[in-house]
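With our numbering, you'll find the sequence shown wraps up at 1549, consecutive numbering, no jumps. The C-beta atom is built at its ideal place from N, Cα and C for all residues, glycine as well. Predicted model only: the values in this text are computed from it and were never measured.
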Amino acid sequence: MGVTRGRNEATRKYGSYKIVSCGYAYDIDKPTLALVPTAKTIYWKCELHKNCGGRAKSIGLQPPLFHTKKHSHNRDKTRTEVLLGIEIQTRGYIRTYALDENFRFSFKLLQSLAFLQVKDVVTGSKLIRDFSPESFSPILNYFERVYTGKLIPFSKTQRTLAQFPIETWNLYDRVKQRLSRTYNNVENWHSRIQADVRKKMNAVMVVELLGL
C-alpha cells in the first residue's frame, strides 16, 4: 500500500487514510486513526458509505485487501490504476523492455501462460522465473500474487486465493473450441496483447497490459 493512485494502496490524506482497490475507494471504518499504524486488522468502508454498504479489511496497512461486502454502485474505472504500472514507470522498466531482449522475451512468455492448460500454468510460471533475468522478478512477483496465488508458508503445493484465479483468465479451452478469446473476465488480459507488444511501449500501455 502506498499512494492513492495504486491498487490496494492506502495513503494519508487530510489527516485520514484512503485506499483505492479495483475501482472502489475506501475510508477507515475502525479502529480509530490513532491506532491504525499499529493495528493488526483494519476495517474499511466505501467512501460513499452513507449510500453504499461496500466493506473490506486488510492486515494492517499491507496488501492484499479483502472485499467483505459488495458495493451498490459501479466501480470508478478512472481510479483503477495499477501500482505495478507506477513501479514500471519509476524503475525504468519501459526502457528495459525496449533494450533488453531477455526481459522482452520473458514478458511475452508471461502473456502466453493464458494459453496453457490450467494445470500447467503454475509450472509454466516457474519455468519463466528460472529463465528470466533478475530485473523481471518484480513483474513475476506481481503476477503470482494477483493471477496464480502465492505459496502458503511451509507448503510446496498450496497457494493463496489469487485476486483473479487462473480459471477466470485462462484461454486454453476457448481456443480449442474456437470461441472468442475476449470474454469479460479476460478482456483486459488478452484483447490488446498481440497488437500492443509490437508497438513502442509507454506507461499507459504497460498498465493496460498488466492490470485488470
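- Given 8 Å as the limit, is there contact between the region 1465-1477 and the region 1433-1444, that is, 3 or more CB pairs closer than that? The region 1465-1477, when compared against the region 1433-1444, does touch it at the 8 Å Cβ threshold.
- Message: Strictly by DSSP, which residues pair up with F1325?
- Response: This structure leaves residue 1325 out entirely; the chain is present only between 1338 and 1549.
- Go to K1367, then tell me how far its alpha helix (DSSP H) extends in each direction, as first and last residue. Taking the sequence shown and counting its residues from 1, the one referred to as residue 1367 is at position 30. No alpha helix (DSSP H) holds K1367; the beta strand (DSSP E) holding it covers Y1361 to K1367.
- Message: Tell me which residues share the same chain as N1521 and place their Cβ nearer than 7 Å to its Cβ, disregarding the 5 neighbours each side in the sequence.
- Response: Taking the first residue of the sequence shown as position 1, residue 1521 is located at position 184. Bear in mind that a pLDDT of 48 at N1521, under 50, signals an unreliable position, so the number given afterwards is only what the model happens to contain. Counting only Cβ-Cβ distances below 7 Å, and skipping sequence neighbours, we find nothing.
- Message: Restricting to Cα atoms, I'd like to know which of H1410, V1373, N1411 and K1456 is closest to N1507.
- Response: For the purposes of this step, residue 1507 is identified with residue 170 of the sequence shown, where counting begins at 1. Looking at the Cα atoms, K1456 is the closest of the given residues.
- Item | Same chain, Cβ closer than 6 Å to L1402, five either side skipped, listed in chain order | Mapped onto the sequence shown, residue 1402 falls at position 65. Excluding residues up to 5 positions away in sequence, N1345, S1358, A1393 and S1395 lie with their Cβ nearer than 6 Å to the Cβ of L1402 in the same chain.
- Message: Let me check you understand the geometry: is the CB of F1501 closer than 7 Å to at least one non-hydrogen atom of the ligand SAM?
- Response: Among the components modelled here there is no ligand, and therefore nothing to report on the ligand SAM.
- Message: Using the three-state DSSP reduction, which class does T1505 fall into: helix, strand or coil?
- Response: The sequence position of residue 1505 within the sequence shown is 168, counting from 1. Reduced to three states, the DSSP call for T1505 is helix.
- Could you check which residue in I1379, Y1361, Y1479 and T1369 has the C-alpha nearest to that of C1389? Here the question's residue 1389 lines up with position 52 in the sequence shown. Relative to the Cα of C1389, the nearest Cα in the group I1379, Y1361, Y1479 and T1369 belongs to Y1361.
- Item | Burial state of E1302 (16 or more Cβ within 10 Å) | This structure cannot settle anything about residue 1302, because the visible part of the chain is limited to 1338 through 1549.
- Compare the C-beta of P1490 with all C-beta atoms of chain B and state if any pair is closer than 8 Å. In the structure shown, chain B does not exist; there is a single protein chain.
- Query: When the Cα atoms are used, what is the spatial distance from L1516 to K1387?
  - Reply: Mapped onto the sequence shown, residue 1516 falls at position 179. Mapped onto the sequence shown, residue 1387 falls at position 50. One C-alpha to the other measures close to 43 Å.
- Query: How would you label F1491, buried or exposed, when you count the other beta carbons within 10 angstroms and need 16 or more for buried?
  - Reply: By 1-based counting over the sequence shown, the position of residue 1491 is 154. Exposed is the call here.
- What are the boundary residues of the alpha helix (DSSP H) that includes T1433? As a first step, residue 1433 must be located in the sequence shown, where it is residue number 96. According to the DSSP assignment, T1433 belongs to the alpha helix (DSSP H) that extends over Y1430 to L1436.
- Unbroken beta strand (DSSP E) run spanning K1382, endpoints: The residue labelled residue 1382 in the question sits at position 45 within the sequence shown. Residues T1378 to C1383.
- Query: Between the C-alpha atoms of T1405 and K1382, what's the straight-line distance to the nearest angstrom?
  - Reply: Here residue 1405 refers to the residue found at position 68 of the sequence shown. Here residue 1382 refers to the residue found at position 45 of the sequence shown. Near 10 Å, if we compare the C-alpha coordinates of K1382 and T1405.
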